[in-house]
Amino acid sequence: MVQARKIRPKFFRKRSQKPFELRQEETGSPPGTLLPSKFPRKEKAKITIIDYSQDEYNESSTYDVEDCAKYRDSKSVTWINIDSVDDVDTLSKLGEYFDVHPLALEDIQDTDQRPKLEEYEDLYLIVTKLLRFRDIIVSEQVSMLLGKKYVITIQMTEEDCFDPIRDRLRSGTGRIRSMGPDYLAYSLMDVLTDEYYPILQIYGDELERLEDTVFKDPRPHMLQKIQRGKRDLLLIRRSILPNREVLGKLMRDDETGLIAESTKRYLRDCQDNTIQISDIIETYRDMSSSLQDLYLSSISHRMNEVMKVLTIIATIFIPLTFITGLYGMNFDAMPELHWEWGYYFSLAAMLLVSLSMLLYFKKKRWL
Amino acid sequence: MVQARKIRPKFFRKRSQKPFELRQEETGSPPGTLLPSKFPRKEKAKITIIDYSQDEYNESSTYDVEDCAKYRDSKSVTWINIDSVDDVDTLSKLGEYFDVHPLALEDIQDTDQRPKLEEYEDLYLIVTKLLRFRDIIVSEQVSMLLGKKYVITIQMTEEDCFDPIRDRLRSGTGRIRSMGPDYLAYSLMDVLTDEYYPILQIYGDELERLEDTVFKDPRPHMLQKIQRGKRDLLLIRRSILPNREVLGKLMRDDETGLIAESTKRYLRDCQDNTIQISDIIETYRDMSSSLQDLYLSSISHRMNEVMKVLTIIATIFIPLTFITGLYGMNFDAMPELHWEWGYYFSLAAMLLVSLSMLLYFKKKRWL
Amino acid sequence: MVQARKIRPKFFRKRSQKPFELRQEETGSPPGTLLPSKFPRKEKAKITIIDYSQDEYNESSTYDVEDCAKYRDSKSVTWINIDSVDDVDTLSKLGEYFDVHPLALEDIQDTDQRPKLEEYEDLYLIVTKLLRFRDIIVSEQVSMLLGKKYVITIQMTEEDCFDPIRDRLRSGTGRIRSMGPDYLAYSLMDVLTDEYYPILQIYGDELERLEDTVFKDPRPHMLQKIQRGKRDLLLIRRSILPNREVLGKLMRDDETGLIAESTKRYLRDCQDNTIQISDIIETYRDMSSSLQDLYLSSISHRMNEVMKVLTIIATIFIPLTFITGLYGMNFDAMPELHWEWGYYFSLAAMLLVSLSMLLYFKKKRWL
Amino acid sequence: MVQARKIRPKFFRKRSQKPFELRQEETGSPPGTLLPSKFPRKEKAKITIIDYSQDEYNESSTYDVEDCAKYRDSKSVTWINIDSVDDVDTLSKLGEYFDVHPLALEDIQDTDQRPKLEEYEDLYLIVTKLLRFRDIIVSEQVSMLLGKKYVITIQMTEEDCFDPIRDRLRSGTGRIRSMGPDYLAYSLMDVLTDEYYPILQIYGDELERLEDTVFKDPRPHMLQKIQRGKRDLLLIRRSILPNREVLGKLMRDDETGLIAESTKRYLRDCQDNTIQISDIIETYRDMSSSLQDLYLSSISHRMNEVMKVLTIIATIFIPLTFITGLYGMNFDAMPELHWEWGYYFSLAAMLLVSLSMLLYFKKKRWL
Amino acid sequence: MVQARKIRPKFFRKRSQKPFELRQEETGSPPGTLLPSKFPRKEKAKITIIDYSQDEYNESSTYDVEDCAKYRDSKSVTWINIDSVDDVDTLSKLGEYFDVHPLALEDIQDTDQRPKLEEYEDLYLIVTKLLRFRDIIVSEQVSMLLGKKYVITIQMTEEDCFDPIRDRLRSGTGRIRSMGPDYLAYSLMDVLTDEYYPILQIYGDELERLEDTVFKDPRPHMLQKIQRGKRDLLLIRRSILPNREVLGKLMRDDETGLIAESTKRYLRDCQDNTIQISDIIETYRDMSSSLQDLYLSSISHRMNEVMKVLTIIATIFIPLTFITGLYGMNFDAMPELHWEWGYYFSLAAMLLVSLSMLLYFKKKRWL
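Take a look at the structure:
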């Protein structure tokens, strides 16, 4: 089983990965070259085919990409899901059967892309990111090829978040079965977008927990936590923000006719969610910054408190110690030493001095 | 009685809510689905119908949404006000009677939206925010559906700020009775905008109070107050700023013909108010930032004062204590100890030392 | 006599006003309503009428707004100046005689507006700000109505800065008498803009004075001064910046034909001044920020100096005091105490210790 | 001899001028008025006339502006250079002979302008800045009037940087003699731009020198130096940045036909230099900011070092002094005092205490 | 052999070069002048000619620029590579043979340009940067002239990164041999862009190493490292960012017909890489900033720790020392001194005091 490539480091922990896994492509390999997998897989990529129309629904799965070819121009809508980007053979054959441009295939395989939309003659390539939170944040690339009668999704792992769509397709609830592949693509993007909310919730909860404690009991690891959270939020934003443009382009600049008028309003709704998520991220980053300010100010406040009280204690005793030193001198002629109440006078003097210092501090509001 | 959902946390107090209540929608539910209320209501939503023309005025209220249907194409202008977003039944029927797009209904129910304008064939959906200050800041969503002869407002609670409009409609003062539903919609938005002024006044007063005290007597809770105020202002801005765009779109891009030329100037006036409010918020945020600077600088100034005075005291006594130590030594042969005036000489020496230190500090302007 | 409403707080002093006087309008009053003055005036607004052409010049003043009506369509150019915004009666009559839109009248009366340009059918409303520096900064709104053959200016007080224009009109110097009302409006705006230079000069002088002293002798009130100056500059910028857009609109988008081609170059010149003023303000704000940095760094530098010298003194005496303590012990068997030169040896040891500490500090460059 | 008006303050020294010399124009003087010189000059402005074509070259100088008039429509290209802006008489006559708009003349005389381009019917006014570094930075305004067959340059002093152009004109090297006045204007602007490089070099060198020393040996005056340099760079940028727009306008929006197609590429080249200079300035400002950070961090690092070492010394001796105090007490019954080795035991105890403290500090890495 | 001009200073070390080597051009030299090399070369520039079509491939090298002339209009695609910018003779002859504009030649020779695209009649000049990391960062300018049937590349040194392209041309893999010179130019730019990835990797690794240590063991040189890295990243960005615009212009605004439709998609792919690199740089700069915050906060945290522990020790001993001083006084009448258990009472008192102080510190959480 292939592990999801983790491009997001452990959440609020020590990070061991690089923030960007740089492209593994060997410099200078011709453009449009598919790379042999770094993690050679024994099994081939599993392909799931869902073919549906208003009245019919067929679901099958295969390991042979040739089985898909016939759906290219079928009348019904077909959703082909491929659960690996490392199976070069399957991808390149797919490219042949569906006339996919070599650069599009390269984009599908290069899983460190920004979300983007590429328009080919009668085909859209939509690159998006699926975020998951499994103790660490895992980001997987999900690519979609949207054609006239089909949607092909290529994921990095078997596990995905598309089950609600499958359920709706199976049961025929909602309008999904009566709409075209553009609506299917929208539904998939909508589900991917919805995945961001619970993840942000986790960060929001953590921020609130920090907000409660950072002033009362600031600890050095909190600053690291805050900064790590801030950076994670930045990276999450980078995964979602380009979606806004992708959706905007689909709505405004569609020249292929692949996007029906009626679907555009749904895309708009999905775009609104994207904007809302960006807003939440901005708010959280803002909260993080002010938490950081609070932390620093709390640290310095506590330090000041320590220094102040301690310095005050020290200062009160310094004059007292001077007086004891004075009468500890060994001069032959020190009349006070021989007074009967000399000792008590000196004690009284010390009391007086310390009280007046305390009063002074009180007056200056240092106590 | 339904409580207003509080999306703004307590003002200048400990906040217990999340800054964003994330969408409660279950991930993957089909788009355009109305959610059954989380807080099931026994009573149905109360519907208030105000039907008016230059000469006539009728006001009635009902719990049966069917009563509204006949007003859809009536010649007079009708304002239908619904005081709940949780009554799925009423909303969905309303959608049927007035041909409202399912996504519009979903937008009405999702009360964590940014203010926005959605154009449907012969209908505008305007989503705005009503802010109130009840010890805490309460933000409620007010949605308006603006059709050819009617305005439908959907609020979250019974209580609203529209009474001045009702009074004007009843009494027929101003031009409101002689104008169309677009003018009514403008009037409602204008009243919603006016609600921001007294709330900002509260923040302004608090900032001034802080400005007076933060330098004289800085206390740690002030920093939290300032930061909380800053964040609240940010959130208030987020409630009002998109209005500018909404109003701009209504003025510039109206293709439905729902907005009369004569109303556009009024929308412009309302937009000017929105800009003015944003300006005030910017100024307050600026004041908050410089208050924060003042606070930090005041804290460090006071700490420095404490340290300085105390250190000076300590430093004066250290050489004195050394002298007392010197003549407290028990060497057999210490001639000074046996001088007749030795003790007084030593006292004079101490006086000299402390005076010269004080002079030095004076010269260096440390006193 | 009506006092100018002070919207700018006292300069470099304790501010007692709110940064924004929020609109006094009662929430919900119909748009376009003129408010009865909060400060009821017994006298009516004084109206000054200057009617001129290349060859003729008439100046008169009245309290009856009806006297103005005849100038509306006269061939000569007329400048009507009204010295109050609180005389509702005069304003509303003026509105009638000159066909002024109710919203324009409301804009004239609402003196907390941003500068702006409103285009009405054959009329421009130009809202600008007159700044004055009378120990505190006073901002008054000056509104102009520019029609085909007349300019109406509405001020908040009798006192204005338009005397140079009156002199030029009287004496006929320059081209002003041979040009239309658009040139008159330009001349008025130019004079208003020129008023900003001496005020900025005051801030510039204050900043230079601070720059000289802030490093040598930083005092806590300076930080407040700097921050107050910074905020004032921000507010001044807010009074002048929108002028740029106003002038730009007049030059570019004039569709009324009220602005002659030949006047546009003059407007451009006035706009250049506006930009120059913004530049100066930016520079001053920049200077303020770096002054603030200098202040903070100077404060911390001085504190460090104090701490360093004092700590050095303390540290030198601590080992010495230890030595005196050592030979102040009362052990029966302490051979050194009975040496003949013991006392002098101990003194020498102290000298040695303190010298070597001084050398060490010297070497480490702490002295 | 007239001194250049210094608008840039002394470089890295105490500044005695205002950052902006505000316009000396009396408020309210009619627009387009030439001001009598504040520094009345006895001599008139010297006028240098260079008239050339591919084959001919004539150079003459005069004090009588009438001599220039005949060159206005001559076939050959003429460069008229005037070395003063204070000779009102010469300027106004020039205005007459060459049909210069009064506002253009005012712009020429107002030497605190931003660089800008003004288009008049068949004339361009180009306002640029000549920077020089004479211990202090001197900024002079150089205005150019570009007509069909002539370029008129008006400088503030006799001294200029145009000699390379004169040499090329005299010797006929390059294409300058075969090109029109537009190419001459370009050449002049190119030379003015080139003057910025050596000045920036000075700042770059100073920054590097500071970078070497600021960490090793931070001194308070360095911060002032850095901030002064930063501000100077800002002002230099303000002198050069608008050039970019000026050149862009000449290239793109030329409607007068004064700029030949072939010259535009050269203007583009000059614009590239302008951008490069802005880049360098940005880099230097960036360096300044990080130098400032380094300075502050170095100061605090050094202070921390002082405090740490000194506090450690103090802390080691405090317990020792306590022990000496202990055995300096005068109780009758203190058995240790009478032990034979008591003194040596106490010494050993002190050694032990100080060693263990040192070990503790070592372990905690404070040493 | 000519050394690459190093415009990037040593990486994470002391920098001895200026951040910008300012243009060496003598001020005022006519535009379009080629400069005699500052480092006169004995050998002439080596010229490598690769001429290819789908079926043929010829590779030759020469020192005589005349050999290239014949390829200008040949049917096959020709790649001419020149490995020096200092050989004025070769460059100027090249300019003649290929009709290159003098300003283009000057741009080629001025190696401190920003990347840019210049369009000449039937020729593109593309200026790009080759970054290398040889202990220090070396930036070389690579200029390309893209004509109808040829690409001319001019490099600063013999050594380049184009070998993968040469290999592909030789072996005929990929589509390169069947495409035109535009595809060749794209391939070259793609390889140049790929060179940025490994260099950024170095910075990323360094940042991670710092991130691990900066909190545990902050040292002053780290701050310098971080700031140097930040500046280097800024400069790298400056080398790559303009490429985005260059590629955009080639795609969108090509009016020469030199760029085939099919190549544009490849340019788009290359532009995506440019954007990705900018993203990585932004992330690294962000990481640097938060590292800097961490460093400063860690330094202050450690200092606070030192001060706190030491102050606590000092404070505990101060009252004890006072007590010892008290009973070290020499008054005749001090009853405690003569008590049998006085000494032990005093010891107990000291123990009590120090324990209660410790308890107080514990309660206040200072320990």
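Chains as they are written, first to last, in the working numbering: chain A, 219 to 585; chain B, 219 to 585; chain C, 219 to 585; chain D, 219 to 585; chain E, 219 to 585.
Glycine residues also receive a C-beta, built at the ideal position from the N, C-alpha and C atoms.
For the alpha helix (DSSP H) that contains Y414(D), what are its first and last residues? Y414 to V432
Please name the residue in M407(B), M505(B) and K264(B) whose C-alpha comes closest to that of V369(B). M407(B)
Does the region 395-405 of chain A come within contact of the region 351-364 of chain A, defined as at least 3 CB pairs closer than 8 Å? yes
What would DSSP say about N548(A), mapped onto helix, strand or coil? coil
Coarse secondary structure for M374(E), derived from DSSP in three states: coil
Measuring alpha carbon to alpha carbon, tell me which residue in I536(C), P537(C) and I493(C) is nearest K334(D). I493(C)
Considering Cα atoms alone, identify which of Y561(C), S496(C), L323(C) and E424(C) is closest to Q373(C). L323(C)
Would you report the Cα separation of I534(B) and S572(B), rounded to the nearest angstrom? 6 Å
Buried or exposed, going by whether 16 or more other CB atoms sit within 10 Å of the CB of D471(B)? exposed
Quick one, are the C-beta atoms of L418(D) and I454(D) less than 9 Å apart? yes
Hey, does G546(B) have any beta-carbon neighbour from chain C nearer than 9 Å? yes
By DSSP, does D450(D) sit in helix, in strand, or in coil? helix
K347(D) to R462(D), Cα distance in whole Å? 13 Å
Is the Cβ-Cβ distance between D412(E) and N491(E) less than 9 Å? yes
Check whether the Cβ atoms of Y342(C) and L476(C) sit closer than 9 Å, and answer yes or no. yes
Can you list the residues of chain B that E558(C) reaches, using a CB-CB cut of under 9 Å? D550 and A551
Buried versus exposed, by CB contacts within 10 Å (16 or more), D423(B): exposed
With 16 other Cβ atoms within 10 Å as the buried cut-off, status of S508(A): buried
Reference P416(E), options I498(E), L309(E), W297(E) and Y562(E), closest by Cα: I498(E)
Only counting the same chain, and skipping five residues up and downstream in sequence, which positions put a Cβ closer than 6 Å to that of E376(E)? D301
Enumerated in chain order, which unbroken segments of the alpha helix (DSSP H) with a length of 4 residues or greater are wholly contained in the region 466-529 of chain C? none
Please list the terminal residues of the continuous alpha helix (DSSP H) segment that includes S279(E). No alpha helix (DSSP H) holds S279(E); the beta strand (DSSP E) holding it covers Y275 to T280.
I268(D) and Y281(D): beta carbons closer than 9 Å? no
What does P438(C) touch in chain B if you count any residue whose Cβ is under 8 Å from its own? F433, S515, S516 and H519
Sub-9 Å separation of P249(D) and G392(C) beta-carbons: yes
Return the CA-CA distance between T474(E) and D340(E), expressed in angstroms with no decimal places. 6 Å
Separation of S480(E) from A287(E), as counted between CA atoms: 29 Å
To the nearest angstrom, how far is the alpha carbon of T329(B) from that of V356(B)? 13 Å
Using three-state DSSP, classify S572(B) as helix, strand or coil. helix
Within 9 Å of chain E by C-beta, residues of the region 477-496 of chain D in sequence order: R483, Y484, R486, D487, C488, D490, N491, I493 and Q494
According to DSSP, simplified to helix, strand and coil, what is E239(A)? Residue confidence for E239(A) is low, a pLDDT of 41 falling below 50, so the modelled location carries little weight and cannot support an answer.
Measuring straight from C-alpha to C-alpha, what distance separates F230(D) and D430(C)? Confidence in F230(D) is poor, its pLDDT being 31 and thus under 50, which makes the residue's placement unreliable; the coordinate value appears in the next sentence. In a straight line, the C-alpha of F230(D) is about 14 Å away from that of D430(C).
Quick check: is the beta carbon of D291(E) nearer than 9 Å to any beta carbon in chain D? no
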